Amino acid sequence: MNLANEYLERVYAGVLGKLIGVYLGRPFEGWSYERIMAELGEINYYVHERFGVPLIVTDDDISGTFTFLRALPDYHHSPDLTPAQIGQTWLNYLIEKRTILWWGGIGNSTEHTVYLRLKQGIPAPASGSMALNGKVVA
Numbered sequence: 000m001n002l003a004n005e006y007l008e009r010v011y012a013g014v015l016g017k018l019i020g021v022y023l024g025r026p027f028e029g030w031s032y033e034r035i036m037a038e039l040g041e042i043n044y045y046v047h048e049r050f051g052v053p054l055i056v057t058d059d060d061i062s063g064t065f066t067f068l069r070a071l072p073d074y075h076h077s078p079d080l081t082p083a084q085i086g087q088t089w090l091n092y093l094i095e096k097r098t099i100l101w102w103g104g105i106g107n108s109t110e111h112t113v114y115l116r117l118k119q120g121i122p123a124p125a126s127g128s129m130a131l132n133g134k135v136v137a
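Numbering follows numbering that gives the first Met the number 0, with no gaps: position 80 of the sequence shown is 79.
#1: Entirely within the segment 13-47 and at least 3 residues each: give me those beta strand (DSSP E) ranges in chain order.
#2: Give the secondary structure of ILE94 by DSSP, where H, G and I count as helix, E and B as strand, and everything else as coil.
#3: Under 7 Å between the Cβ atoms of ALA70 and PRO122?
#4: Quick one: Cα of PHE27 to Cα of PHE50, how far?
#5: Please return the same chain residues whose Cβ sits closer than 7 Å to the Cβ of GLY103, not counting the five positions on each side in sequence.
#6: Measure the beta-carbon distance from LEU100 to SER108 and round it to whole angstroms, keeping in mind my assumption that it falls under 8 Å.
#7: Helix, strand or coil, according to DSSP, for PRO78 in the structure here?
#8: Relative to the C-alpha of ARG25, which residue among LYS96, ASP59, SER126 and LEU115 is closest?
#9: Apply the 10 Å Cβ neighbour rule to THR88 and answer buried if 16 or more other Cβ atoms are within range, or exposed otherwise.
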């Protein structure tokens, strides 16, 4: 197998793993191990069925992954892609209050806070920094 094929397989495996983790883990996202064991026990079933929620829904972790990759062709696949260019990609492709992010407001949603900072002219990575946004949001 040549490097290009191996790379494609690794990327595919990574994306597949992300999809599985996001969709199957959604019903108990943020739970501690102790809470999972106490409320769900050993998981050998589809948890979303127990909670009566759909398996597949729109998700910022999934849609963001593919949208933010737009920076690669936009900046000619540069190996020197910068945080500021990624930030500009956010401004170019996100439709405010409609796509990709959880639009929870400044100080509530990490991504929305960063987006608003970018719109204020604060480039990445400063727009998402702990110094600017605090430890919890950053």
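From the three backbone atoms N, C-alpha and C, an ideal C-beta is built for every residue, glycine too.
A quick note: this is a predicted structure, and the numbers were derived from the prediction, not measured.
On the basis of the coordinates in this document:
#1: none
#2: Translated into the one-based positions of the sequence shown, residue 94 becomes position 95. DSSP places ILE94 in coil when its eight states are reduced to three.
#3: For the purposes of this step, residue 70 is identified with residue 71 of the sequence shown, where counting begins at 1. For the purposes of this step, residue 122 is identified with residue 123 of the sequence shown, where counting begins at 1. No, the pair does not count as a contact, with Cβ atoms beyond the cut-off.
#4: Position 28 of the sequence shown, counted from the start, is the residue given in the question as residue 27. Position 51 of the sequence shown, counted from the start, is the residue given in the question as residue 50. Going by the C-alpha atoms only, they are around 10 Å apart.
#5: Counted from its first residue, the sequence shown places residue 103 at position 104. If we look at GLY103 and ignore the five residues flanking it on each side, its Cβ neighbours are HIS111.
#6: As a position in the sequence shown, residue 100 is number 101, starting the count at 1. As a position in the sequence shown, residue 108 is number 109, starting the count at 1. Their Cβ separation, rounded to whole angstroms, is 7 Å, which keeps LEU100 and SER108 in contact under 8 Å.
#7: Taking the first residue of the sequence shown as 1, we reach residue 78 at position 79. PRO78: coil per DSSP, three-state reduction.
#8: Here residue 25 refers to the residue found at position 26 when the sequence shown is read from its first residue. Of the candidates LYS96, ASP59, SER126 and LEU115, the one whose C-alpha sits nearest the C-alpha of ARG25 is ASP59.
#9: Taking the sequence shown and counting its residues from 1, one reaches residue 88 at position 89. Burial call: buried.
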